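Below is one structure, written out as structure tokens, with a few remarks after it.
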Amino acid sequence: MHAITIPVPGGPEALVWAEVPDPVPGAGEVLVEVVASAVNRADLLQRQGFYDPPPGASPYPGLECSGRIAALGPGVSGWAVGDEVCALLAGGGYAEKVCVPVGQLLPVPDGMDVVTAAALPEVTATVWSNVFMVAHLRPGETFLVHGGGSGIGTMAVQLAKAVGARVAVTAGGRDKLERCRELGADILIDYREQDFVEELHKVTGGVGADVVLDIVGAKYLQRNIDALAVNGRLAIIGLQGGRKSEIDLGKLLAKRAAVTATSLRGRPLAEKAAIVAAVREHVWPLIAGGRVRAVVDRTVPMRDAAAAHRVLEESVHVGKVLLTT
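Put into structure tokens, the structure is as follows:
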């Protein structure tokens, strides 16, 4: 088969489409013939040499894919060769074939084509696990998501709105904010021109956000705590603004607030399977019912993955950038 390899870490040009050995499914795995994958920020870090795959994972980038089952490993039941699926991966999505632990498989949602389904696994698993399983967002609460125009952001807006939350977003520029409004965002904050803490407190009467989903990290840490309501929950899932920061613990104590930080890629298989099962139970019906949709900015041939990486680095996209085989 062919896959995107990284012989030497570096810029987008480091991604090389090359012939590599076919993977063979082990016990509890299925072999998926990949139709599409999607680009995530973690892929850019891996390309640069800053984010190695977990032990035992495929060396190729790609944290999600969609396609058709080509073979079943020993002990697999409930699936058949030819089934259209999408999958959460620890790596290997930028390839013509990939082996997937059976607990990380999802059926392509009813009414959706198999290419578009590649936009779903990583964002739905990340948002559902952090916003609902960890931070326990409830109907009527105020939810703030940074990077509202990203793949994570566009899914978070829709899921929070679907459960009855009031949704605030930050994004750069009116065009991205307008797209967020179309998806259901109630409060639009242009981080280039507005202070999100001030704007959020202004529109909430000084109360703040019950849940904040953050991709920025250190740069926003204290400001996110300032933005929280009493009993608020901050979920950190990215470090685009750095790894280290100081916080005022007195403010955290006074608000009886919680700060959590999670990653998905390196979790044990059982934890990933539990998250995927929850996504299938709670999110898939919302997609089938038309209340939540995949937001795809563009598709790019997989062999031209470098071009897709440049799109993410320039942050000119809204939603997901897909790679097609």
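In short: position in the sequence shown from 1, add 36, done, that's the numbering used here.
Idealized CB from N, CA, C, for every residue including glycine.
All figures in this text were calculated on a predicted structure; none of them were measured in a lab.
In terms of CA proximity to L270, L288 leads the group G278, P304, G277, L288. Beta bridge pairing from DSSP links E177 with no other residue.
Taken in chain order, the whole beta strand (DSSP E) runs of length 3 or more contained in the region 292-351 are 294-297, 332-337.
By the criterion of a C-beta distance shorter than 6 angstroms, A72 is surrounded in its chain by S102, V151, A154, L358, T360, once the five residues flanking it on both sides are discounted. The Cβ atoms of Q140 and V319 do not sit closer than 7 angstroms to each other. In the three-state reduction of the DSSP assignment, N267 falls in the strand class. Nearest C-alpha to S281 among A309, V252, G268, A290: V252. With a 10 Å radius around the Cβ and a threshold of 16 neighbouring Cβ atoms, N267 comes out exposed.
The Cβ atoms of G62 and G109 lie closer than 7 angstroms to each other. DSSP, read as helix, strand or coil, puts L275 in coil. Residue pairing by DSSP puts C122 in a beta bridge opposite S102, L142.
Looking only at T298, A324, G277, the smallest Cα-Cα distance to S165 is reached by T298. In this structure the region 167-176 does not lie against the region 333-343, because fewer than three pairs of beta carbons, one per stretch, are closer than 8 angstroms. The three-state secondary structure of S186, taken from DSSP, is strand. Contact between H182 and D250 holds: CB atoms are separated by about 5 angstroms, below the 8 angstroms threshold. The region 187-271 is shown to contain whole alpha helix (DSSP H) runs of 4 or more residues at 187-198, 210-219, 232-239, 257-263, in chain order. If you check the CB distance, G111 and G64 come in under 7 angstroms. Residue range 133-137 is occupied by the beta strand (DSSP E) that includes P137. Inclusion of D231 and R202 in the CB contact set at 7 angstroms is not warranted, their separation being larger than that value. Judged by beta-carbon spacing, A254 lies within the 7 angstroms limit of G278, meaning their Cβ atoms are closer than that value. Nearest in C-alpha terms to A107, of all of E69, H237, Y256, G244, is E69. The Cβ neighbour count for V136, taken over all protein chains shown within 10 Å, is at least 16; the residue is labelled buried.
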